[in-house]
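Residue numbers (full-length UniProt numbering): 1 to 76.
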């Protein structure tokens, strides 16, 4: 196929895909969007926003002290 035929075929395929509209099952769509069954709030698992690391907070505090004192910086 030459470039002209190839481009025409690609354009035809793109047009077919763009304007393709399959038969829609509106009753199935209505059932899906109806959503009459809802979960009770007690069934949902509540996840804490941030894990509790308070048990580890002071355990390693002395091991890694900050050595970034303002007086110890070299300027110049």
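Each residue gets a CB set at the ideal place from its N, CA and C atoms; glycine is no exception.
This one's a predicted model, so the numbers in the text were calculated from it and none came from an experiment.
Extent of the continuous alpha helix (DSSP H) run through residue i
i	result
residue 17	3-18
residue 32	26-34
Alpha-carbon to alpha-carbon, residue j and residue i
i	j	result
residue 79	residue 44	The structure shown does not extend to residue 79, since the chain spans only 1 to 76, so no value can be given for it.
residue 2	residue 32	48 Å
residue 12	residue 23	21 Å
residue 55	residue 30	51 Å
residue 58	residue 34	53 Å
residue 4	residue 18	21 Å
residue 14	residue 25	25 Å
8 Å Cβ cutoff, residue i in contact with chain C
i	result
residue 57	Any reference to chain C falls outside this structure, which holds one protein chain only.
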